[in-house]
Amino acid sequence: MLNGRTELHVFNTCSVTGDPYCQEVILLNVRLFQGVTGADFIFMDDNARSQQTPAFQKLLESKAITRMDWPTYSPGLNLIEYVWVT
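Residue numbers (full-length UniProt numbering): 1 to 86.
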């Protein structure tokens, strides 16, 4: 990690499925930040397909990772603006 940012993760395949995403990104990066912030950690995602798989949901539950709730439909909701607010 450099200046509070993780390195860009590049997958060697054309598409990303839930299992490689869980193993290569979530377990390495999210657990690192969860360890630092403790019980207040909330995972904010962008609802990518790899984050909607049963494997991903099961991983979050098994590792006690709290996920931010997003409204089903919210016009004008820019996910990135929440990053700059915190």
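Glycine is no exception: its CB is placed at the ideal position from the N, C-alpha and C atoms.
Collapsing the DSSP output to three states places Phe11 in coil. Its chain contains no residue whose beta carbon lies nearer than 6 angstroms to that of Asn12 once the 5 sequence neighbours on both sides are disregarded.
The beta-carbon distance between Thr66 and Phe43, rounded to whole angstroms, is 7 angstroms. This is short enough to meet the 8 angstroms contact definition.
In the three-state reduction of the DSSP assignment, Phe41 falls in the coil class, being assigned neither a helical nor a strand state.
Following the DSSP letters along the chain, one finds Lys58 inside the alpha helix (DSSP H) bounded by residues 54-62. The closest CA to that of Asp69, considering only Asp45, Phe56, Gln23, Leu59, is found on Asp45.
Considering only Pro20, His9, Val10, Ala39, the residue with the shortest C-alpha distance to Leu59 is Pro20.
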